[in-house]
Every structure is written in C-alpha cells, then in structure tokens.
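The structure under discussion appears below in the form of structure tokens.
In this note's numbering, the protein residues as written are 13 to 160.
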C-alpha cells in the first residue's frame, strides 16, 4: 500500500471520509460546521501535514501529523480493517521516533487500534485534546531505543 502527500484536490474525499465517521458516531457532538471542517482540512493540506492512501485510485484514508503529534487518522468506513490505517501509521512511525495523540475515551475502537499498534496510555484529561471537550486519553508510541 502506497501513501502520498495530501493535495487540495483530495479535499472532497477527505471530507467525505471524516463526515462518514461523524455521522456514524452518535456520542460525538457536532461542534464545527462543514465549512469549518473544509477550511481546517485545506489548511493542514497546505501545511504538508496530510498523507493519503489509495485503493483502486480513490483515497481510502488519511493521516494528519505535525512532527510527533498525530492529529487525525481516518479510513473510509467500508475499507476499515484492511490495513490502510496500519500502513499510514507505519509510515509515520518510520519517520518519527515518538508519536503522540489524543483519543476520545469513548472511542473504544480507536483506543484498541492504537494499543495494538504499540501506543500506551500516558495521561488522561477532561477534554484538553479535542474540540468537543470530551474526556480523552493521551497515547504515546516510542520507537525502539527511544527512552521515556
């Protein structure tokens, strides 16, 4: 599976993947408009923080990362469980000795995914790591030879 830098022409597909997740997640309050989401996605694309992965020529998922901070990882709902998220994460791991991310406590599937990928819980908060203000967990991955 090959990844590539996200480009502005990917924006409609990235938004569709993001919105499919938010529609399918009843515990997630809607705190941003679609326009706000589009502006935020366009901004991180321009900053070079977005990596995409394709399946049959279409974007299957994307990752947003700034240095060691993983801001987002989403895979199209019908393509989950096929290794796209793992591939995006493997590339990020290869480029960084440490990765940090905040995951909403209620997102058990994401927490389990990151734990399987070697992330461990480092801290908890009442919502400091997300726009929705939901209780969340800081998870950290450290590459081999990287000390705490």
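Yeah, the Cβ is synthetic: ideal placement off N, Cα and C, and Gly gets one too. Every value quoted in this text rests on a predicted model; they were computed, and no experiment measured them.
- For a cut-off of 8 Å, the C-beta gap from residue 57 to residue 96 is around 18 Å, too long to register as a contact.
- Between residue 112 and residue 81, the C-beta spacing is below 8 Å.
- Counting only runs of 3+ residues, the beta strand (DSSP E) found wholly inside the region 30-90 occupies 62-67, 70-78 and 81-87, in chain order.
- Under the three-state reduction of DSSP output, residue 150 falls in the strand class.
- Residue environment for residue 28: exposed (fewer than 16 other C-beta atoms within 10 angstroms of its C-beta).
- Take the alpha-carbon of residue 110 and the one of residue 147: they are about 23 Å apart.
- Residue state for residue 134 is assigned as strand, using DSSP reduced to three classes.
- With the rule of 3 Cβ pairs closer than 8 Å, the region 39-56 does not count as touching the region 88-106.
- In the DSSP secondary-structure assignment, residue 111 is bridged to 153.
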